[in-house]
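S.K.:
Protein chains: 2
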Amino acid sequence: MGEGRHVQLSDEQRIDWLRLIRSQNVGPRTFRVLINHFGGAHAALEALPALARRGGGSGSPRIYSRDQAEDELAAADKLGVAFVAIGEADYPRRLQAIDDAPPLLAVRGHRATLALPAVAIVGSRNASAAGLKLTQQIARGLGEAGFTTVSGLARGIDAAAHRASLDTGTVAVLAGGHDRVYPPEHAELIDAILPTGAAVTEMPFGWEPRARDFPRRNRLISGLALGVVIVEAAKRSGSLITARLALEQGREVFAVPGSPLDPRAEGTNGLLKQGATPVTEAADIVSAVQPIMGLDLPAREPEISGSDSSEGLEPDASERSQVMSLLSPAPVSVDDLIRLSHASPRTVRIILLELEIAGRLERHGGGLVSLV
Amino acid sequence: MGEGRHVQLSDEQRIDWLRLIRSQNVGPRTFRVLINHFGGAHAALEALPALARRGGGSGSPRIYSRDQAEDELAAADKLGVAFVAIGEADYPRRLQAIDDAPPLLAVRGHRATLALPAVAIVGSRNASAAGLKLTQQIARGLGEAGFTTVSGLARGIDAAAHRASLDTGTVAVLAGGHDRVYPPEHAELIDAILPTGAAVTEMPFGWEPRARDFPRRNRLISGLALGVVIVEAAKRSGSLITARLALEQGREVFAVPGSPLDPRAEGTNGLLKQGATPVTEAADIVSAVQPIMGLDLPAREPEISGSDSSEGLEPDASERSQVMSLLSPAPVSVDDLIRLSHASPRTVRIILLELEIAGRLERHGGGLVSLV
Chain A
4 MGEGRHVQLS DEQRIDWLRL IRSQNVGPRT FRVLINHFGG AHAALEALPA LARRGGGSGS
64 PRIYSRDQAE DELAAADKLG VAFVAIGEAD YPRRLQAIDD APPLLAVRGH RATLALPAVA
124 IVGSRNASAA GLKLTQQIAR GLGEAGFTTV SGLARGIDAA AHRASLDTGT VAVLAGGHDR
184 VYPPEHAELI DAILPTGAAV TEMPFGWEPR ARDFPRRNRL ISGLALGVVI VEAAKRSGSL
244 ITARLALEQG REVFAVPGSP LDPRAEGTNG LLKQGATPVT EAADIVSAVQ PIMGLDLPAR
304 EPEISGSDSS EGLEPDASER SQVMSLLSPA PVSVDDLIRL SHASPRTVRI ILLELEIAGR
364 LERHGGGLVS LV
Chain B
4 MGEGRHVQLS DEQRIDWLRL IRSQNVGPRT FRVLINHFGG AHAALEALPA LARRGGGSGS
64 PRIYSRDQAE DELAAADKLG VAFVAIGEAD YPRRLQAIDD APPLLAVRGH RATLALPAVA
124 IVGSRNASAA GLKLTQQIAR GLGEAGFTTV SGLARGIDAA AHRASLDTGT VAVLAGGHDR
184 VYPPEHAELI DAILPTGAAV TEMPFGWEPR ARDFPRRNRL ISGLALGVVI VEAAKRSGSL
244 ITARLALEQG REVFAVPGSP LDPRAEGTNG LLKQGATPVT EAADIVSAVQ PIMGLDLPAR
304 EPEISGSDSS EGLEPDASER SQVMSLLSPA PVSVDDLIRL SHASPRTVRI ILLELEIAGR
364 LERHGGGLVS LV
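Residue numbers (the numbering used here), protein chains in the order written: chain A, 4 to 375; chain B, 4 to 375.
Given below as structure tokens:
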């Protein structure tokens, strides 16, 4: 969406948004579909039990209660955390363009930082002295050139990137709640980041991050940035996941070359072989991202208003069984489902929503769905 | 030229070829033009004094005498060196395709090695232990995959590449005569190379290599190979010259990444930024060159027969002054000279030859010429 076309949620709407995204089987993609279909979070919340029942769920999905949402908002507020919604002025512009942008981003610190052009810097926790020094040089150079850095607050490269950017602004993306900083010894680093930078998360207040929350979190690191710099990375490391997500999101991927005899360079050299841009200093990155900074992002409506009406006929049993027979654990595109089932797009969408809310369907990128 | 269309020089022709290429102001490009124009080396040799005079030379060019040529052939023969001419069966096929291929290549050792697919490996003399180890790994892997290696016999990376290829075959390209191995302590390495590999040079027997002979020599290293691997290279090093020449010749350029904090990786990382293919092991190189190995080389006639006749009218004074007025120390294309002077292509070619033999004109790649 263009500048100046921002929306602003009412307090009531924000509570409904929080309740909806925190309810069982509702992820960012499902959230969008629900809001589009029902015209708003309130109507979607009311529809969840019926959707789950018709989708064959074994019980009613856990719905985040109004009390829970109000408690979370109050607790977050105490820590200075604001919930910014897709479409609102403070929502990071680039993040909004990704397929599975969090409907609500919990932001702590200096929100204006999120409006600056950003470059992510990630790498191994077990970094070498050379890797830490390079990270520092690159992060400083980016800061001096007017960029904010984005990273994951991990030990090693991530922490070095944040620390070198304290004067110019840096964004830490958390895999847990704002009150559950990981690793715990970086609570102090968060405190140093907040006056000039920000910490953000999509996870609930009080959420202790699990291992699988980190790869999921990585899409926000790349999503916030024009590009991702991988400084040191072993084979099969989390940084390579971030690089892959960055590519899927159309972000630039930069890799710092290293000696083939250094295992910490295996991942970055592998990225170079796959076509990542080699960089050794901040200037390399600046010259690569400057031409794309001014480009318009693909227009994506905030989609918090508008509805294709919740009324109308429910799918009948034969349509339902027809769509079900086309689904399997292998991802298939929604377009194919519509074409092959001969059902209307709206009907297929409802059936998929029901299965999803019942916990029987998973939504992937690129319009693909599969049975769980 | 295709397989089986080889020529074979007579002893007399070989002496004339050697005399012509060793005569003053005759380089590989001028050699081609002379042979084409006069129909053979013998006629060209006879024409040299008149050409130089008409070109305004201050004296007669030094012509390599028959005695000198016979002495060089005899001395070379004693060391087991053969002079192989462009177009002959043993002349390396890929080298023949370059613009300024030496008309005669002095070859010592196992000539069949020159028929194998080859990859050049070059790098800094002041190599790190890691660089030497990588060179060894890459050279061994290439040898096992059926490739011969090519390098420049220098200390450091070059020597490591040759040594690791002794079992499978390697080609050392010298910047001086076969009896003037540089550096002298690598005479022993040459001896180890010859049973399974070869040493080659275009320089005269007895020639002590000067600094400026090395960059010139580097075009043969890349010219013999499908691609060039640069293992370690500082900024502004000879290896980067080889990389540039390789690009000009349409060869693949491979660079081994290194830490940005290591000055010996500045050159290779710089090449990566310019688009060189990153490699960390032999398999990377093999998979890149295998698709191009079978490709036909651009057809280039050996051009040792055929003539546009040495007879006919000489250029007149006005044509001469017209072409002269278009020339300057800035390179200009022969095609432009023909177009702008309104003289015939043959006339322009003769005028340029005269200037060249008189030592007043330099011939560059891409059909460009300039006043000296």
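We put the beta carbon where it would ideally sit given N, CA and C, even for glycine.
When you compare each of A:24, A:272, A:363 to residue 109 of chain A by their alpha carbons, which one comes out closest?
M.R.: Position 106 of the first sequence holds residue 109 of chain A. Residue 109 of chain A has its Cα closest to that of A:24, out of A:24, A:272, A:363.
S.K.: In this structure, does DSSP put residue 65 of chain B in helix, strand or coil?
M.R.: Here residue 65 of chain B corresponds to residue number 62 of the second sequence, with the count starting at 1. Coil at residue 65 of chain B, not helix or strand.
S.K.: Which one of B:243, B:238, B:261, B:229 has the shortest CA to CA distance from residue 219 of chain B?
M.R.: Here residue 219 of chain B is taken as the residue at index 216 of the second sequence, counted from 1. For residue 219 of chain B, the nearest C-alpha among the options comes from B:243.
S.K.: Quick one: is residue 129 of chain A near chain B, going by C-beta distance under 9 Å?
M.R.: Taking the first sequence and counting its residues from 1, one reaches residue 129 of chain A at position 126. So, not an interface residue.
S.K.: Going by DSSP in three states, residue 38 of chain A sits in which element: helix, strand or coil?
M.R.: The count along the first sequence starts at 1 and reaches residue 38 of chain A at position 35. Helix, per DSSP.
S.K.: Taking Cβ positions only, does residue 272 of chain A come closer than 9 Å to chain B?
M.R.: Translated into the one-based positions of the first sequence, residue 272 of chain A becomes position 269. Chain B, which has a Cβ nearer than 9 Å to the Cβ of residue 272 of chain A, makes this yes.
S.K.: Is residue 284 of chain B close to chain A? Criterion is C-beta to C-beta, closer than 9 Å.
M.R.: Here the question's residue 284 of chain B lines up with position 281 in the second sequence. Output row for residue 284 of chain B: interface = yes.
S.K.: Provide the residue span of the alpha helix (DSSP H) that contains residue 243 of chain A, from first to last.
M.R.: Working through the first sequence from its first residue, we reach residue 243 of chain A at position 240. Residue 243 of chain A -> alpha helix (DSSP H) spans 241-251.
S.K.: Taking 9 Å as the threshold (beta carbon to beta carbon), is residue 263 of chain B in contact with chain A?
M.R.: Taking the first residue of the second sequence as 1, we reach residue 263 of chain B at position 260. Chain A contact via Cβ: present.
S.K.: Residues of chain A with a CB under 9 Å from the CB of residue 137 of chain B: which are they?
M.R.: The count along the second sequence starts at 1 and reaches residue 137 of chain B at position 134. Per Cβ cutoff of 9 Å: 262, 263, 264.
S.K.: Does the beta carbon of residue 122 of chain A come closer than 9 Å to any beta carbon on chain B?
M.R.: The residue labelled residue 122 of chain A in the question sits at position 119 within the first sequence. No - not a single Cβ of chain B is within 9 Å of the one on residue 122 of chain A.
S.K.: I'd like to know if residue 276 of chain B contacts chain A, where contact means its C-beta is closer than 9 Å to some C-beta of that chain.
M.R.: Here residue 276 of chain B refers to the residue found at position 273 when the second sequence is read from its first residue. Chain A contact via Cβ: present.
S.K.: Does the distance from the C-beta atom of residue 1 of chain B to that of residue 279 of chain B stay below 9 Å?
M.R.: Within the shown structure, residues of chain B are numbered from 4 to 375, placing residue 1 of chain B beyond reach of any answer.
S.K.: Over the uninterrupted beta strand (DSSP E) stretch that includes residue 86 of chain A, give me the two end residues.
M.R.: Position 83 of the first sequence holds residue 86 of chain A. That run of the beta strand (DSSP E) goes 84-88.
S.K.: Closer than 8 Å by beta-carbon distance: list the chain B residues that pair up with residue 110 of chain A, in chain order.
M.R.: Locating residue 110 of chain A in the first sequence gives position 107, where the first residue counts as 1. Within 8 Å Cβ-Cβ: nothing; residue 110 of chain A doesn't reach chain B, min ~34 Å.
S.K.: Which word fits residue 293 of chain A, buried or exposed, when buried means at least 16 other C-beta atoms lie within 10 angstroms of its C-beta?
M.R.: Within the first sequence, the letter at position 290 stands for residue 293 of chain A. Exposed: under 16 other Cβ atoms inside 10 Å.
S.K.: Could you give the residue range of the beta strand (DSSP E) that holds residue 373 of chain B?
M.R.: Taking the second sequence and counting its residues from 1, the one referred to as residue 373 of chain B is at position 370. Residue 373 of chain B -> beta strand (DSSP E) spans 371-374.
S.K.: At the level of alpha carbons, what is the spacing between residue 202 of chain B and residue 187 of chain B?
M.R.: Numbered from its first residue, the second sequence carries residue 202 of chain B at position 199. Numbered from its first residue, the second sequence carries residue 187 of chain B at position 184. Looking at the two C-alpha atoms, the distance is approximately 14 Å.
S.K.: Using CA atoms only, rank isn't needed, just tell me which of A:327, A:20, A:345, A:347 is closest to residue 372 of chain A.
M.R.: In the first sequence, counting from the first residue as 1, residue 372 of chain A sits at position 369. Here the closest residue by C-alpha is A:327.
S.K.: If you measure from the beta carbon of residue 74 of chain A to each beta carbon in chain B, is any gap under 9 Å?
M.R.: Taking the first sequence and counting its residues from 1, the one referred to as residue 74 of chain A is at position 71. For residue 74 of chain A, the answer is no, since every Cβ of chain B falls outside 9 Å of its Cβ.
S.K.: Would you call the CB atoms of residue 148 of chain B and residue 268 of chain B closer than 9 Å?
M.R.: For this step, residue 148 of chain B is matched to residue 145 along the second sequence. For this step, residue 268 of chain B is matched to residue 265 along the second sequence. It is not a contact, given that the beta carbons lie outside the stated cut-off.
S.K.: Which residues, in order along the segment 240-263 of chain A, keep a beta-carbon less than 8 Å from a beta-carbon of chain B?
M.R.: Taking 8 Å as the Cβ-Cβ cut-off against chain B, the residues of the segment 240-263 of chain A that qualify are 259, 260, 261, 262, 263.
S.K.: With a Cβ-Cβ cutoff of 9 Å, do residue 230 of chain A and residue 288 of chain A count as a contact?
M.R.: Sequence index remark: in the first sequence, residue 230 of chain A carries index 227 (1-based). Sequence index remark: in the first sequence, residue 288 of chain A carries index 285 (1-based). In this structure, residue 288 of chain A lies closer than 9 Å to residue 230 of chain A by Cβ.
S.K.: Quick check on DSSP: helix, strand or coil for residue 235 of chain B?
M.R.: Position 232 of the second sequence, counting from 1, holds the residue named residue 235 of chain B. Coil at residue 235 of chain B, not helix or strand.
S.K.: With 16 as the cutoff for other CB atoms within 10 Å, does residue 11 of chain B come out buried or exposed?
M.R.: Indexing the second sequence from 1 puts residue 11 of chain B at position 8. When all chains shown are included, residue 11 of chain B counts as exposed.
S.K.: Measure the C-alpha to C-alpha separation of residue 362 of chain B and residue 83 of chain B and round it to an integer number of angstroms.
M.R.: Counting from one through the second sequence, the residue named residue 362 of chain B turns up at place 359. Counting from one through the second sequence, the residue named residue 83 of chain B turns up at place 80. Taking the straight line from one Cα to the other gives about 34 Å.
S.K.: When you check each C-beta in the segment 333-344 of chain A against every C-beta of chain B, which residues fall closer than 9 Å?
M.R.: Those residues of the segment 333-344 of chain A that come within reach of chain B (Cβ to Cβ, closer than 9 Å) do not exist; the list is empty.
S.K.: Answer with buried or exposed for residue 124 of chain B, where buried requires no fewer than 16 other C-beta atoms within 10 angstroms of its C-beta.
M.R.: Stepping through the second sequence from its first residue, residue 124 of chain B is reached at position 121. Result: buried.
S.K.: Nearest to residue 332 of chain A by CA position, among A:375, A:275, A:345, A:290, is which residue?
M.R.: Locating residue 332 of chain A in the first sequence gives position 329, counting from the first residue. It is A:375 whose Cα lies nearest to the Cα of residue 332 of chain A.
S.K.: Can you pull the DSSP bridge partners for residue 138 of chain B?
M.R.: Walking along the second sequence from the start, residue 138 of chain B turns up at place 135. Its beta-bridge partners do not exist; DSSP assigns none.
S.K.: How many angstroms separate the CA atom of residue 297 of chain B from the CA atom of residue 171 of chain B?
M.R.: Along the second sequence, one-based indexing puts residue 297 of chain B at 294. Along the second sequence, one-based indexing puts residue 171 of chain B at 168. Taking the straight line from one Cα to the other gives about 21 Å.
S.K.: What is the residue span of the beta strand (DSSP E) that residue 214 of chain A lies within?
M.R.: On the first sequence, residue 214 of chain A is found 211 positions in, with the first residue counted as 1. Taken as a continuous stretch (DSSP letters only), residue 214 of chain A belongs to no beta strand (DSSP E), as it is neither H nor E.
S.K.: Please report how far the alpha carbon of residue 163 of chain B lies from the alpha carbon of residue 103 of chain B, in whole angstroms.
M.R.: Numbered from its first residue, the second sequence carries residue 163 of chain B at position 160. Numbered from its first residue, the second sequence carries residue 103 of chain B at position 100. Distance between the alpha carbons of residue 163 of chain B and residue 103 of chain B: 28 Å.
S.K.: Using DSSP with H/G/I as helix, E/B as strand and the rest coil, what is residue 128 of chain A?
M.R.: In the first sequence, the residue the question calls residue 128 of chain A occupies position 125. Residue state, collapsed to three classes: coil.
S.K.: Counting only beta-carbon atoms, is residue 294 of chain B nearer than 9 Å to chain A?
M.R.: Numbered from its first residue, the second sequence carries residue 294 of chain B at position 291. By this cut-off, residue 294 of chain B is not an interface position.
S.K.: Which residues, in chain order, does the segment 143-175 of chain B contribute to contact with chain A at a C-beta distance below 7 Å?
M.R.: So the list is empty, because no residue satisfies the distance condition.
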